[in-house]
Structure formats: structure tokens, C-alpha cells
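Novice: The opening residue of the sequence shown carries number 596 in the numbering used here; numbering runs sequentially from there. Each residue gets a CB set at the ideal place from its N, CA and C atoms; glycine is no exception. Before I ask anything, let me first share the structure, which is written out below as C-alpha cells.
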Amino acid sequence: MEVRLLAHTPEPDAIVAASARICYSNITSGELLQGEEENLSQKLIANLFTSGHLSTFEHVSFTFGIDGLSRVASHQLVRHRIASFSQQSQRYVKMSDDVVIPPSVKANPEALSLFQEQADSAHDAYKLLTEKFNIPKEDARFILPHGHATNLVMTMNARELHHFFRLRLCRRAQWEIHELARKMLILVREKAPVLFAKAGPSCIFGKCEESRSCNQPYRDMEELLTCSKN
Ligand SMILES: Cc1cc2nc3c(=O)[nH]c(=O)nc-3n(C[C@H](O)[C@H](O)[C@H](O)COP(=O)(O)OP(=O)(O)OC[C@H]3O[C@@H](n4cnc5c(N)ncnc54)[C@H](O)[C@@H]3O)c2cc1C
């Protein structure tokens, strides 16, 4: 899977701090971005986060290009309703034979051989249906494996990203969406280090909220950012 940050609101940390400042001071929007003090913005954003004044986080968005994600994971991803998606169409695009192979399958040579055989067979059938029988792509796609790879563009604002990281970076999250979330967090921290100084599942904030806890809280952000389930 490849994840790229395609675009983002310029100066995300400053915009969130400015949007909070308009709530608490007698200044016009024209003055908001002038003379910002970085340490004050950091404190302000930390307070917004802990107090739950999170509408301020909605003013900045991040657009990701995601390639080679399985349809299994993209189905979970599009359940996040406060995001915008544009996904490669299986009605209009002729599908390749790319399939995502889970690590558990890769680790077992016999299982891997079975998996590949079945995936190849499905892709061969797709090819025959479209080329030999002239079945429309939108119908032939029914035979494709659930693990078939897809490409999409997705935009989330910073509030939704925090919510997404909370759910999907939990150690108990499914491995592929966990890996996607981990890569996204690394990318957004480069552009908005204050906004995402801390992000992730509840254990990173001190207390696990999972009903079935893994009992392995992340030690710190470094462990969270390097912990791949892939
Ligand atoms: C570990 C795990 C297991 C899961 N298992 C299943 C499963 O077995 N079956 C299944 O179907 N799904 C499952 N899901 C998906 C889950 O139910 C959610 O659809 C998904 O996580 C998106 O979360 P969300 O609705 O909070 O987020 P978003 O859609 O991103 O919304 C963000 C927040 O906005 C608010 N919001 C959004 N829409 C509404 C609304 N219509 N009304 C009120 N508030 C709203 C809520 O506060 C919500 O938390 C699972 C998710 C996880 C993380």
C-alpha cells in the first residue's frame, strides 16, 4: 500500500489556533494571523483538545492518495462518514490482477499457494467474462476477490483524523486499516506537529476504553508510529 499526502490546508497549526483565538478575543479576522506566538499556539491547541473544543479542528483538511489498498480495507474506510472519497470505479476501469495478500497468508507457504491459485482463478474468470463473453465490467467484477486492490483519494479534516486515529490505531484494529492509519499519522505530523503531537487510541492518552483490552498500552508516540501490524 502507498499513501501520499496530496494536499492540505496551509499552516494547519496556525489556522486552528487562529480559529480559537476569534472565540476568546476582541479582534477581527484580519488580525488573527498576525504576530502569532508559537508557544502560545501550542498551549492553546493543547487546551482545545483536552476541553473538547474540537470544531476548531474542522478548519483544516488533508487530502491523501491511497494506492493498493484492498477492497476489504476500503470498505471499512468508507464507513467514516465525515470524510470525502473518490474511489477507482470497477464499472469503468478494467481491473488488473492485483490482490492484497495478508501477512498471515504470506507467512505460510501452503496457504500462500492456495490463496494465489484461487485469486488467479478469479482474475482469469474476470478476463474471460469481459473479453470472451463481452460481459460488462460492472457485472464481471462480481467474481473478483474481496482482497482486490483499489486506489482512492480521501480528504479528512483534523477532527475526523483524530477520531479515525483513535479507532484505527488501536492494537486490536484490523492490520491493513491500522497500517493505513499509521502511515497517515506520520504524514500529517510532518505538516501539523502541534495538532497531531498526540493522536491515537485511548491508551496513548492514559486509559484504554476498549471493552476487550489487549492489555498492551502503547508506551509512547514513538512506539505507536513504528508499530506495524503488516
Ligand atoms: C474495532 C471495530 C470493529 C467494528 N466492527 C464492525 C462490525 O462488526 N460491523 C459494522 O457494521 N461496523 C463495524 N465497525 C464500524 C463502526 O461501526 C463505524 O461504522 C466506523 O468505525 C466509523 O466510525 P464512526 O461512525 O464513529 O465514524 P464517522 O462516520 O467517521 O463519524 C465520526 C463521528 O461523527 C458522529 N456522527 C457521524 N454520523 C453520525 C450520525 N448519523 N448520527 C450521529 N452522529 C454521527 C459520531 O460521533 C461519529 O463517531 C467497526 C469499527 C471498529 C473500529
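Less than 8 angstroms between the C-beta atoms of Asp-662 and Ser-636, yes or no?
Specialist: No, these two residues do not count as a Cβ contact at 8 angstroms.
Novice: Taking the beta carbon of Thr-651 as the centre, do at least 16 other beta carbons fall within 10 Å, making it buried, or is it exposed?
Specialist: Buried.
Novice: Helix, strand or coil, according to DSSP, for Asn-752 in the structure here?
Specialist: If DSSP states are grouped into helix, strand and coil, Asn-752 belongs with the strands.
Novice: Looking at the structure shown, is Asn-729 part of a helix, part of a strand, or coil, going by DSSP?
Specialist: Asn-729: coil per DSSP, three-state reduction.
Novice: CB Leu-600 to CB Phe-657, shorter than 8 angstroms?
Specialist: Yes, they are a contact pair.
Novice: Any chance the CB of Leu-762 is under 7 angstroms from a heavy atom of ligand 1?
Specialist: True, at least one ligand heavy atom lies under 7 angstroms from that Cβ.
Novice: Leaving out five residues on either side along the sequence, give the residues of the same chain with a beta carbon under 6 angstroms from the beta carbon of Met-816.
Specialist: Within the same chain, Met-816 has no close Cβ partners at all.
Novice: What does the Cβ neighbour count give for Glu-712, buried or exposed, with the cut at 16 atoms within 10 Å?
Specialist: It counts as exposed.
Novice: Could you please give me the residues that DSSP links to Asn-746 through a beta bridge?
Specialist: Paired residue(s): Asp-662.
Novice: List the endpoints of the continuous beta strand (DSSP E) containing Glu-818.
Specialist: Premise fails: Glu-818 lies in the alpha helix (DSSP H), 816-821, not in any beta strand (DSSP E).
Novice: Taking a contact to mean a Cβ-Cβ separation below 8 angstroms, would you say His-654 touches Ile-610 in this structure?
Specialist: The answer is yes: Cβ separation under 8 angstroms.
Novice: With H, G and I counted as helix, E and B as strand and the rest as coil, what does DSSP make of Phe-791?
Specialist: Of the three classes helix, strand and coil, the one that applies to Phe-791 here is coil, per DSSP.
Novice: Who are the near neighbours of Ala-776 in its chain, counting only those whose CB is closer than 8 angstroms to its CB and skipping five residues on each side?
Specialist: Correct list, in chain order: Phe-759, Phe-760, Arg-763, Leu-764 and Ala-768.
Novice: Using a Cβ-Cβ cutoff of less than 8 angstroms, which residues in the same chain neighbour Trp-770 once the five nearest sequence positions on both sides are dropped?
Specialist: Excluding positions up to five away in sequence, the list reads Pro-697, Pro-698, Lys-824 and Asn-825.
Novice: For Ile-738, which residues in the same chain have their Cβ closer than 8 angstroms to its Cβ, ignoring the five residues on either side in sequence?
Specialist: Excluding residues within five positions, the ones whose Cβ falls inside 8 angstroms are Ala-717, Ala-720, Tyr-721 and Leu-724.
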